[in-house]
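Enquirer:
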Amino acid sequence: MFKKISVIFVVISAAISSWLVIHLLAISGVFLALASPIWWLLFPKKSVCLLCRAEKDGKWCWLCREKIVKSEGTTPKSLFSSVLNGFLILFFTIISLLLVYSEGRLLSYLGFPPVSKTASFIIPTKGQYLLGEVFPVKIEVTGIKTAVNTIQADLGFDPRVVEVTQVSTEGSFANIFIQKVINNNEGYVRLTGGLPNPGFSQLQGTFATVYFRGKTPGPVKIKFLPTSLVLANDGLGTDVLKDLASVSYLILPESVPVSQTPISDEPEESTTLKPTTLGEETGSTQMIFYEENVLGKSIKSQFKQNDQEVRLSIFLDGLKQFDNFILNLWGKAIGTVK
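Under the numbering used here, think of the first position of the sequence shown as 38, with each following residue one higher.
1. Is the number of C-beta pairs between the region 131-145 and the region 237-257 that are closer than 8 Å three or more?
2. If you drop the 5 nearest sequence neighbours on each side, which residues of the same chain put their C-beta closer than 7 Å to that of L356?
3. Tell me which residue opens and which closes the beta strand (DSSP E) that T179 is part of.
4. To the nearest angstrom, report how far apart V247 and K217 are at their CA atoms.
5. Under 8 Å by Cβ, that's how I've got N212 and L228 pegged, so tell me the actual separation to the nearest angstrom.
6. Could you check whether the region 58-77 touches the region 114-124, counting it as contact only if at least three pairs of C-beta atoms, one from each stretch, sit closer than 8 Å?
7. Which one of G372, S108, I363 and I181 has the shortest CA to CA distance from I159?
8. Along the chain, where does the alpha helix (DSSP H) containing V47 start, and where does it finish?
9. Just checking my contact of L69 with L125 at CB under 8 Å: how many whole Å lie between their CB atoms?
10. Quick one: using the 10 Å Cβ neighbour count with 16 as the cut-off for buried, is G272 buried or exposed?
11. Please determine, among C89, V198, T112 and T111, the residue with the shortest C-alpha to C-alpha distance to N221.
12. Within 10 angstroms of its Cβ, does W77 collect 16 or more other Cβ (buried), or is it exposed?
13. CA-CA distance, T298 and V152?
14. My guess is that V284 and P161 are in contact by the Cβ rule of under 8 Å, so how many angstroms apart are they, rounded?
15. Grouping DSSP H, G and I as helix and E and B as strand, with all else coil, what is E140?
16. How about I188 and F261: are their beta carbons less than 9 Å apart?
17. From V48 to G236, what distance separates their C-alpha atoms?
18. What do you get for L366, buried or exposed, if any count of 16 or more other CB atoms within 10 angstroms of its CB means buried?
19. For D360, which residues from the same chain have a beta carbon less than 6 Å from its beta carbon, with the 5 sequence-adjacent residues on both sides left out?
20. Between which residues of its own chain and T112 is the CB-CB distance below 7 Å, once the five residues before and five after are set aside?
21. Of the choices G372, E291 and K41, whose alpha-carbon is the least far from that of L168?
22. From S54 to L353, what does the alpha carbon distance come to, in whole angstroms?
23. Take the Cβ of E109 as the centre, count every other Cβ of all protein chains shown within 10 Å, and call the residue buried at 16 or more, exposed below.
24. DSSP on I288, reduced to helix/strand/coil?
25. Would you mind stating whether V226 and V201 have Cβ atoms separated by less than 9 Å?
26. Report buried or exposed for R102, applying the criterion of at least 16 other Cβ atoms within 10 angstroms of its Cβ.
27. Looking at the secondary structure, which residues open and close the alpha helix (DSSP H) in which L87 lies?
28. Given a cut-off of 9 Å, decide if G230 and S205 are closer than it, judged by their beta-carbon atoms.
29. For N234, which three-state DSSP category applies?
30. Looking only at its own chain, which residues have a Cβ that is under 8 Å from the Cβ of K154, when we skip the five neighbours before and after it?
So this is what it looks like as structure tokens:
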């Protein structure tokens, strides 16, 4: 048992040491390569030939072009030998940079650093409407810090109090819509759409407008379901939706006069979904009619990570940032030379 633990410890130590050497060499290897012949000229006895140091006594050193005699020291035997040592360091530096680049690409492929969840749906915060009145609920997306290309807005409501008459995409930042579902039996509406590359990158934009009609007097909660999505245009389809909003409206008992009731020229077709398709149960609200806080908006975050996931995310994020620092450092250096 102790032997297995020792082997595991050695492997982990070797992996950590290798990682440190690779990244340190990626940062300072070019300077070490340039300094090798200069150091030999200034301090020839304190210089080290890498091959003489690594190989066994009696082996041939092609850098010094003679057999290795460690009793005589492992310093480069000439300026030419120290220059070759510099080229050898430069070779390993290039390999290290390629490994750092590959590590960064792998982390990007795995989604690190993760795209921050900053997007939110916003809807009008409060309203009172007459029985039979058709009123708009504009769906907007805000907090967009990374370009997005796909939006799925799933709304739940009490079908006994209101019904959806139309979903309008006029003025939407999206120009492709692949799914539009209205289910007034279950109290559910879905609109899925987006736009091609490079996506939508403005801080806020209108996605759609849903038109409701009051059926019976009382308070009604309209809420975004957990199946709602805001996907980043990052090639991975990362969901950047931060939280889910809900809003409460009040349907007053007074009816709208027939002459003032808006009539839709193109009524939307209602598509019936199976109950298992719904993202969340949409039972009736428990709020009391005319209660002081009936109206208004509430936000509930649905996206929580446990401590272990947070620590892993922070570690991998830091690793990716360190790789970017190294690559950007040499990218700027090469650009300055050019």
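For glycine and all other residues, C-beta sits at the position ideal for the given N, C-alpha and C.
Source: prediction; values computed, not measured.
Expert: In short, the structure shows the following:
1. no
2. L144
3. V171 to T179
4. 11 Å
5. That pair is no contact at about 13 Å.
6. yes
7. I181
8. F39 to L79
9. Contact flag wrong, Cβ pair sits at about 10 Å.
10. exposed
11. V198
12. buried
13. Because the pLDDT of T298 is 47, which lies under 50, any placement of that residue in the model is unreliable, and the number read from its coordinates should be weighed accordingly. Their Cα atoms are separated by approximately 45 Å.
14. 7 Å
15. helix
16. no
17. 45 Å
18. exposed
19. V137, E140 and G141
20. P81, K82, S84, V85 and C86
21. E291
22. 18 Å
23. exposed
24. strand
25. yes
26. exposed
27. L87 to A91
28. no
29. coil
30. D276, V277, L278, K279 and F340
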